[in-house]
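Visitor: Can you read through this structure? Questions will come right after.
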Amino acid sequence: MCVICGCSNGANITITDPSMGEKMDEKQALAQAGHDHLHAPGVLHEHPHEAGHDHSHVHSHDHAHPHEAGHEHPHSHSHDHEHSPTAGHDHPHAHAHGHEHSPTAEHAHSHDHAHSHEHPHEHSDEAVLHARQHGRTVALEQDILAKNQHLAEHNRDWFAGRGILALNLVSSPGSGKTTLLERTIRDLHAQLPIHVIEGDQATANDAERIRATGCKVIQINTGTGCHLDADMLARGLHQLNPPANSVLMIENVGNLVCPALFDLGERAKVVILSVTEGEDKPIKYPHMFKASSVMLLNKIDLLPHLRFDVARCIAYARLVNPGITVFRVSAETGEGMEDWYAWLHGQSCALQPKVAAN
C-alpha cells in the first residue's frame, strides 16, 4: 500500500497494447526484466549480485525465546542490511513484546546477537506513541518519494537522450483530457509524432479512443492505485518504445492530489481544468497547480451557460504559481487550440537539435 495516499493496497497493475490485444500484469513485467523494478529502454545500471541489483532488504520473522521467568513469547524482527545472497551476517535486531512483566522481573534471551526491546506497556503517554508512529510514517513517505524520484531521473535521462518531449497531463476526472488529446493528435499528426501512455484504474476505453486516431498507445491500469509513478511509466515505455524526437503524452489517472507528488520524469506537468469545475480549483488543490507548468482552461465553449469567472480562476492559478502559462481552449470546437499547439511546437523544437533522428 502507498503510505503517501493509502492507495494501491492489493493493486494489480496491468499494461495493455490495444493494437495487439496483449496484456502484461505486474509479475510478467518484472519477470521479463529479471529483477524487481523496470527502467526505460536502454537505461543502464549496475547489479552486483545474482538478485540483479544492489539494495537493502527488509526481513521479518517470528521466533520464541525461553525466559527465566518461565514463559516464552514470540518476537518480531525487522532489519535493513546489505549482503550477498549467500553471505552470513550479524546485525542488531529490534524486538517488540506483546506481554507483561513485573517491573523487576528479569528475563534472558538465548540468542547471541544484540538487540533492543520496546515495550508498549512501558509508555502510558499516548502522545509519545503517536509521535513514534508519526515519525515512522514520515520516514516511509520519504523513502517512497525518494525511490520514485530516483526512477524518475532515469526516465528523464532517457527522454533527454532521445530528444523526447514528455508531458504529464493531470486533472480531475471528466475535465476533457482524452478529448483534448484526441483533437491534438488529429490536428498535429502531420507535424508532430505523438505517442500516448494512458493511466486509469480500470478499462482500456481511453486507449481505444486514442488508438482510433492512428496514434500508438499503451494502457496502464493501476487497479486501486490513484496515480501513475515513475516505475509504472518505465514499464509502459518498455512496451511503447517511442522514437527519438517525438512527443510522449502521459494521461495520468484523474486526480488532483496524488499525481502532484509523483514525478514521472516528464519535462512538464500540464493541468487541465474545465470551466464546469469551478474557478476556485487552483486554491483548493494548490500543490497540483504549483507543480504544473501549463494550465489548459478547457470547455470554454460552455461559458455562456455557466457562472464561471475566468479572470478570477486565472488569478487563483497565478496566486499559487506565478509562472504558470494559461491557455483558454475548447477541445470540442477547437477554439484557442492553436496557442496550445504553438507551445507544443516550441517545446519540441527546443529538444530536437540535441539528438539526430534515427
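Residue numbers (the working numbering): 1094 to 1451.
Ideal Cβ placement from N, Cα and C applies to all residues, glycine included.
Here the structure is a predicted model, which is why all the values come from computation and not from measurement.
What does a CB cutoff of less than 8 Å around residue 1438 pick up in its chain, not counting 5 residues either side in sequence?
Guide: As a first step, residue 1438 must be located in the sequence shown, where it is residue number 345. Excluding residues within five positions, the ones whose Cβ falls inside 8 Å are 1284 and 1285.
Visitor: Please determine, among 1295, 1245 and 1261, the residue with the shortest C-alpha to C-alpha distance to residue 1324.
Guide: Position 231 of the sequence shown, counting from 1, holds the residue named residue 1324. Nearest option by C-alpha distance: 1245.
Visitor: Rounded to whole angstroms, what is the Cα-Cα separation between residue 1428 and residue 1108?
Guide: Residue mapping note: residue 1428 aligns to position 335 of the sequence shown, counting from 1. Residue mapping note: residue 1108 aligns to position 15 of the sequence shown, counting from 1. Residue 1428 and residue 1108: Cα-Cα distance of roughly 34 Å.
Visitor: According to DSSP, residue 1371 sits in a beta bridge with which residue or residues?
Guide: Position 278 of the sequence shown, counted from the start, is the residue given in the question as residue 1371. Its beta-bridge partners do not exist; DSSP assigns none.
Visitor: Let me check one thing: in DSSP terms, what residues is residue 1376 bridge-paired to?
Guide: In the sequence shown, counting from the first residue as 1, residue 1376 sits at position 283. Paired residues: none, contrary to the question.
Visitor: Is the distance from the Cβ of residue 1365 to the Cβ of residue 1270 below 8 Å?
Guide: If you number the sequence shown from 1, residue 1365 lands on position 272. If you number the sequence shown from 1, residue 1270 lands on position 177. Contact flag set, yes.
Visitor: From residue 1403 to residue 1267, what does the alpha carbon distance come to, in whole angstroms?
Guide: On the sequence shown, position 310 is the one that residue 1403 refers to. On the sequence shown, position 174 is the one that residue 1267 refers to. Rounded to whole angstroms, residue 1403 to residue 1267 spans 19 Å at the Cα level.
Visitor: Any idea if residue 1242 is buried or exposed, counting beta-carbon neighbours within 10 angstroms, 16 or more meaning buried?
Guide: Indexing the sequence shown from 1 puts residue 1242 at position 149. Exposed, because fewer than 16 other Cβ atoms sit within 10 Å of the Cβ of residue 1242.
Visitor: By the three-class DSSP mapping on this structure, what secondary structure does residue 1360 have?
Guide: As a position in the sequence shown, residue 1360 is number 267, starting the count at 1. Coil at residue 1360, not helix or strand.
Visitor: Would you please state the rounded distance, in angstroms, between the beta carbons of residue 1295 and residue 1111? I believe it to be under 8 Å.
Guide: Your numbering for residue 1295 matches position 202 in the sequence shown. Your numbering for residue 1111 matches position 18 in the sequence shown. Contact doesn't hold; Cβ gap of about 14 Å is too wide.
Visitor: The alpha helix (DSSP H) that contains residue 1407, what's its start and end?
Guide: Counted from its first residue, the sequence shown places residue 1407 at position 314. Looking at the DSSP string, the run of the alpha helix (DSSP H) that includes residue 1407 is 1403-1413.
Visitor: Looking only at C-alpha atoms, which of 1321, 1303, 1327 and 1332 sits nearest to residue 1352?
Guide: Position 259 of the sequence shown, counted from the first residue, corresponds to residue 1352. Answer by Cα proximity: 1321.
Visitor: Who are the Cβ neighbours of residue 1194 in its own chain at under 6 Å, not counting the five residues just before and after it?
Guide: For the purposes of this step, residue 1194 is taken as the residue at position 101 of the sequence shown. Any reading at residue 1194 needs caution, since the residue's pLDDT is 44, under 50, leaving its predicted position unreliable; the model's value is listed next. Around residue 1194: no qualifying Cβ.
Visitor: Considering Cα atoms alone, identify which of 1306, 1298, 1407 and 1423 is closest to residue 1417.
Guide: Mapped onto the sequence shown, residue 1417 falls at position 324. Answer by Cα proximity: 1407.
Visitor: How should residue 1114 be labelled, buried or exposed, when 16 other C-beta atoms within 10 angstroms of its C-beta is the threshold for buried?
Guide: Along the sequence shown, read from residue 1 onward, the residue named residue 1114 stands at position 21. It counts as exposed.
Visitor: In three-state DSSP terms, what is residue 1421?
Guide: In the sequence shown, the residue the question calls residue 1421 occupies position 328. The answer is strand: DSSP assigns residue 1421 an E or B state.
Visitor: If you measure between the beta carbons of residue 1338 and residue 1256, is that distance less than 8 Å?
Guide: As a first step, residue 1338 is located in the sequence shown; it is residue number 245 there, counting from the start. As a first step, residue 1256 is located in the sequence shown; it is residue number 163 there, counting from the start. Going by C-beta atoms, residue 1338 is nearer than 8 Å to residue 1256.
Visitor: Pick helix, strand or coil for residue 1258, following the three-state DSSP scheme.
Guide: What you label residue 1258 is simply residue 165 of the sequence shown in a count that begins at 1. Three-state result, residue 1258: strand.
Visitor: Give the DSSP-derived three-state secondary structure of residue 1241 in the structure shown.
Guide: By 1-based counting over the sequence shown, the position of residue 1241 is 148. The answer is helix: DSSP assigns residue 1241 an H, G or I state.
Visitor: Looking at the secondary structure, which residues open and close the beta strand (DSSP E) in which residue 1322 lies?
Guide: Along the sequence shown, read from residue 1 onward, the residue named residue 1322 stands at position 229. Element bounds for residue 1322: n/a, residue is neither H nor E.
Visitor: Would you mind reading off the limits of the beta strand (DSSP E) that contains residue 1432?
Guide: Your numbering for residue 1432 matches position 339 in the sequence shown. Residue 1432 -> not in any beta strand (DSSP E); alpha helix (DSSP H) instead, spanning 1430-1444.
Visitor: Alpha carbons only, please: which of 1384, 1368, 1373 and 1274 is nearest the one belonging to residue 1397?
Guide: Numbered from 1 along the sequence shown, position 304 holds the residue referred to as residue 1397. Here the closest residue by C-alpha is 1368.
Visitor: Measuring straight from C-alpha to C-alpha, what distance separates residue 1435 and residue 1281?
Guide: Your numbering for residue 1435 matches position 342 in the sequence shown. Your numbering for residue 1281 matches position 188 in the sequence shown. Distance between the alpha carbons of residue 1435 and residue 1281 is about 11 Å.
Visitor: Do residue 1433 and residue 1389 have their C-beta atoms closer together than 8 Å?
Guide: Position 340 of the sequence shown, counting from 1, holds the residue named residue 1433. Position 296 of the sequence shown, counting from 1, holds the residue named residue 1389. Cβ distance < 8 Å, so residue 1433 and residue 1389 count as in contact.
Visitor: Given a threshold of 16 other Cβ atoms within 10 Å of its Cβ, counted over all protein chains shown, does residue 1415 qualify as buried or as exposed?
Guide: For this step, residue 1415 is matched to residue 322 along the sequence shown. Burial call: exposed.
Visitor: Verify whether the separation of the beta carbon atoms of residue 1315 and residue 1292 is less than 8 Å.
Guide: The residue you call residue 1315 lines up with position 222 of the sequence shown. The residue you call residue 1292 lines up with position 199 of the sequence shown. Yes. Within cutoff.
Visitor: Pull up the CB-CB distance for residue 1361 and residue 1340, whole angstroms please, since I reckon it's below 8 Å.
Guide: As a working note, residue 1361 is residue 268 in the sequence shown. As a working note, residue 1340 is residue 247 in the sequence shown. The Cβ separation is near 12 Å, so there is no contact.
Visitor: Based on DSSP bridge pairs, tell me the residues matched to residue 1264.
Guide: The sequence position of residue 1264 within the sequence shown is 171, counting from 1. In DSSP, residue 1264 forms a bridge with 1365.
Visitor: Quick check on the burial criterion: 16 or more other C-beta atoms within 10 angstroms. Buried or exposed for residue 1334?
Guide: Here residue 1334 corresponds to residue number 241 of the sequence shown, with the count starting at 1. Result: exposed.
Visitor: Less than 8 Å between the C-beta atoms of residue 1456 and residue 1276, yes or no?
Guide: Missing from the structure shown is residue 1456; the chain here goes from 1094 to 1451 and no further.
Visitor: For the candidate residues 1409, 1336 and 1328, whose alpha-carbon lies nearest to that of residue 1308?
Guide: Reading the sequence shown from its first residue, position 215 is the one you call residue 1308. Measuring from the Cα of residue 1308, the nearest candidate turns out to be 1336.
Visitor: When you compare the CB positions of residue 1262 and residue 1343, do they come within less than 8 Å of one another, or not?
Guide: Counted from its first residue, the sequence shown places residue 1262 at position 169. Counted from its first residue, the sequence shown places residue 1343 at position 250. Against a cut-off of 8 Å, the Cβ pair of residue 1343 and residue 1262 comes out as a contact.
Visitor: Measuring CB to CB, does residue 1363 end up less than 8 Å from residue 1260?
Guide: For the purposes of this step, residue 1363 is taken as residue 270 along the sequence shown, with counting starting at 1. For the purposes of this step, residue 1260 is taken as residue 167 along the sequence shown, with counting starting at 1. A contact, by the Cβ cut-off of 8 Å.
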